[in-house]
Amino acid sequence: MTGARAGGLTALTGALLAGSLSISSTPGEAPTPTVPRVTAPALAGPRADGPMPDQATLAARLTGPLSNPALGSPAGIVVDALSGKVLFDVRSTVPTAPASTLKTAVATAALRTFAPDARLTTRVVYLPPAGTSTGAAGAPGPATPADKASAGGTLWLVGAGDPTLTAAADPTGYPASASARLSTLAAQVHAAGITSVDQVIGDGSLFSGPGTAAGWNDTYVTEGDVTPVSALEVDAGRSQPGSVGPRSPAPDAAAAAAFATALRGAGVSVGSTGTGTADRAARSVATADSPPIPMLVERMLTDSDNDLAECLGRLVAHARGLPTTFTGATAAVGKVLAGLGIDTTGMSLADVSGLSVNNLIPPRTVVEILRTATLPNHPELRTLLTGLPVAGFSGTLGDRYGGADTAAAAGDVRAKTGSLRIVTSLAGELVDADGRLLLFGFFAPVQESPAAKASLDRAAAALASCCASAGADGADGKPASDAGPPPTREAIGASSPPPAG
5 MTGARAGGLT ALTGALLAGS LSISSTPGEA PTPTVPRVTA PALAGPRADG PMPDQATLAA
65 RLTGPLSNPA LGSPAGIVVD ALSGKVLFDV RSTVPTAPAS TLKTAVATAA LRTFAPDARL
125 TTRVVYLPPA GTSTGAAGAP GPATPADKAS AGGTLWLVGA GDPTLTAAAD PTGYPASASA
185 RLSTLAAQVH AAGITSVDQV IGDGSLFSGP GTAAGWNDTY VTEGDVTPVS ALEVDAGRSQ
245 PGSVGPRSPA PDAAAAAAFA TALRGAGVSV GSTGTGTADR AARSVATADS PPIPMLVERM
305 LTDSDNDLAE CLGRLVAHAR GLPTTFTGAT AAVGKVLAGL GIDTTGMSLA DVSGLSVNNL
365 IPPRTVVEIL RTATLPNHPE LRTLLTGLPV AGFSGTLGDR YGGADTAAAA GDVRAKTGSL
425 RIVTSLAGEL VDADGRLLLF GFFAPVQESP AAKASLDRAA AALASCCASA GADGADGKPA
485 SDAGPPPTRE AIGASSPPPA G
């Protein structure tokens, strides 16, 4: 790999990520002796003065991977991030099902809507038995310990749209270790002097409308792809933290039951559990904050977390005064994209996670979303780039790019994957052999298969090894004359999109 070549991990450091992360340590703290010293040289960052890829050579390199019958008749687009120049274009303006590449849209909307330090606060409110003083109704923050223990009454666990709230008492590993915990809430309840309650009620009323969208497969919940959307979810509706398999069809009820278990573990006896909206007279006795919104966005993108995507969409809708439904979420996302100057012509959405087969979006729009995040006047969107899975390293690309024809692109390609029964997609960024930051989107109208994913990976790897200083022959040995259609657009996006309205 040449010095001009940049890996995805390094290409997003420096100016793009300056100040985005701080790590404190104890003064004089010795380094951990078990951590091996890194001896591999750092990969260079992108070069603004790198030569523009030769379009004929680039097209020739893509011909082989994109001509694989496993991809059907794919659409694709490649754009130079710095100039916005379209370098390769095949049907990029034709609306197509995006699958999970659509998560780039809701990520953009969330990052544009919320402050970087915004968090989601799950609350516990308490109403003692009739005839007992309630204190300040709806008082914010945890209550101070009571003079004497309270018994009876009702606790409500009030969801804030945080599906990463966990029943694990001590979750390990990032990002689970940063999650809000039921055990924290239960300990605060006990510290407030509450020793027993008649009921624990789960309140997911922040969100409204149906929990499943048009175009969702009936097996999505039972196969563990997603839980019905609710403002109150624990471990995204999983029966155990980190487990696979069926999700709960009633996440708010499951959350109430899980909280009751946590309360008993904290020394609070519980009668029954149920669901419902909290009484306005109930006072706050416990709170737990989610990680900051940008961290949730990163997790959503890296792991392709459908629950996080749908919750973030409804939170954007709520913040913008729209209904907290699928319709409100999709409208809110569309408004944010349009406000950024992104062309949404042809976009029609049924959800914001990409699970619905009814979703349509032009590949060009997805790549324009990515390009907007690279522009210097939108630092709030950088997390969209850092959250993309890294080839051969993280998330849904962690087990890919290990073959002889793709391994050279491991660590360089950052991309959002997508797969449904009607589409396999890949959209992201990479730095080519001459130091140009390229953005790409490939959408194949075929069901996910190892062959389809491998072909898209080979296409991205071919881009990474391109282009201005490369020979005229493509990666598959075919001359540039076999490259197929030339680009059909001059440029994508604006150099300085207008601010969102």
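For the sequence shown, my numbering begins at 5 and goes up steadily by one.
Quick reminder that beta carbons are idealized off the backbone N, C-alpha and C, glycines included.
### Query
Is it the case that the Cβ atoms of valine 98 and proline 78 are separated by a distance below 9 Å?
Looking up residue 98 in the sequence shown gives position 94. Looking up residue 78 in the sequence shown gives position 74. No; because the gap between Cβ atoms is not below 9 Å, this pair is not in contact.
### Message
Only counting the same chain, and skipping five residues up and downstream in sequence, which positions put a Cβ closer than 6 Å to that of threonine 277?
### Response
Along the sequence shown, one-based indexing puts residue 277 at 273. If we look at threonine 277 and ignore the five residues flanking it on each side, its Cβ neighbours are Val204, Ala260, Ala261, Ala264.
### Alpha-carbon spacing of alanine 191 relative to arginine 185, whole angstroms
Along the sequence shown, one-based indexing puts residue 191 at 187. Along the sequence shown, one-based indexing puts residue 185 at 181. Their backbone Cα atoms lie some 10 Å apart in a straight line.
### serine 308 and proline 69 closer than 9 Å at C-beta
The residue you call residue 308 lines up with position 304 of the sequence shown. The residue you call residue 69 lines up with position 65 of the sequence shown. For serine 308 and proline 69, no; Cβs fall outside 9 Å.
### Task
Give, in chain order, every unbroken run of the beta strand (DSSP E) that is at least 3 residues long and sits entirely within the segment 427-473.
427-435, 441-448
#### Entry: Entirely enclosed beta strand (DSSP E) segments - the segment 106-137, minimum 3 residues
125-131
### Query
CB alanine 468 to CB phenylalanine 447, shorter than 9 Å?
The residue given as residue 468 occupies position 464 in the sequence shown. The residue given as residue 447 occupies position 443 in the sequence shown. No; because the gap between Cβ atoms is not below 9 Å, this pair is not in contact.
### Task
Classify alanine 119 as buried or exposed, calling it buried when 16 or more other Cβ atoms lie within 10 Å of its own Cβ.
In the sequence shown, residue 119 corresponds to position 115, counting from 1. Exposed, since its Cβ has fewer than 16 Cβ neighbours within 10 Å.
### Message
Whole angstroms are fine: how far does the CA of glycine 197 sit from the CA of proline 144?
### Response
Locating residue 144 in the sequence shown gives position 140, counting from the first residue. Locating residue 197 in the sequence shown gives position 193, counting from the first residue. Because proline 144 carries a pLDDT of 42, less than 50, the predicted location of this residue cannot be relied on, and no value is offered for it.
### Query
Between the segment 217-232 and the segment 284-301, do at least 3 Cβ pairs fall closer than 8 Å?
no
### Task
Can you say whether proline 295 is buried or exposed, counting buried as having 16 or more other CB atoms within 10 angstroms of its CB?
As a first step, residue 295 is located in the sequence shown; it is residue number 291 there, counting from the start. So proline 295 ends up on the buried side.
#### Entry: Continuous alpha helix (DSSP H) stretch holding glutamine 59: start and end
Translated into positions along the sequence shown, residue 59 becomes position 55. That run of the alpha helix (DSSP H) goes 59-70.
### Straight-line gap, valine 340 to aspartate 174 (C-alpha atoms, nearest Å)
Residue mapping note: residue 340 aligns to position 336 of the sequence shown, counting from 1. Residue mapping note: residue 174 aligns to position 170 of the sequence shown, counting from 1. When rounded, the distance between both Cα atoms is 37 Å.
### Query
In chain order, which continuous runs of the alpha helix (DSSP H) of length 4 or greater are located wholly inside the segment 298-360?
310-323, 330-343
#### Entry: Segment contact flag, the segment 246-258 with the segment 295-306, C-beta cutoff 8 Å, min 3 pairs
no
### Query
Helix, strand or coil: how does DSSP classify alanine 266 here?
As a first step, residue 266 is located in the sequence shown; it is residue number 262 there, counting from the start. Correct three-state label for alanine 266: helix.
### Query
Hey, is the segment 418-425 in contact with the segment 102-118, meaning 3+ C-beta pairs nearer than 8 Å?
yes
### Query
Of all the options Asp347, Leu159, Leu441, Arg65, which has the alpha carbon lying nearest to the alpha carbon of serine 273?
The sequence position of residue 273 within the sequence shown is 269, counting from 1. Out of Asp347, Leu159, Leu441, Arg65, Leu159 has the C-alpha closest to the C-alpha of serine 273.
#### Entry: Where glutamine 203 falls: helix, strand or coil (DSSP)
In the sequence shown, residue 203 corresponds to position 199, counting from 1. Strand, per DSSP.
### Query
If you run the structure through DSSP and keep just helix, strand and coil, what is isoleucine 496?
What you label residue 496 is simply residue 492 of the sequence shown in a count that begins at 1. If DSSP states are grouped into helix, strand and coil, isoleucine 496 belongs with coil.
#### Entry: Which of helix, strand or coil DSSP assigns to leucine 385
Locating residue 385 in the sequence shown gives position 381, where the first residue counts as 1. In this structure, leucine 385 counts as helix in the three-state DSSP scheme.
### Task
Take every Cβ of the segment 327-335, pair it with every Cβ of the segment 382-396, and state whether three or more of those distances are shorter than 8 Å.
no
### Message
Within a Cβ cutoff of 7 Å, which residues of the same chain sit near threonine 527, ignoring the five residues on either side of it in sequence?
### Response
Not covered by the structure: residue 527. The range shown for the chain is 5 to 505.
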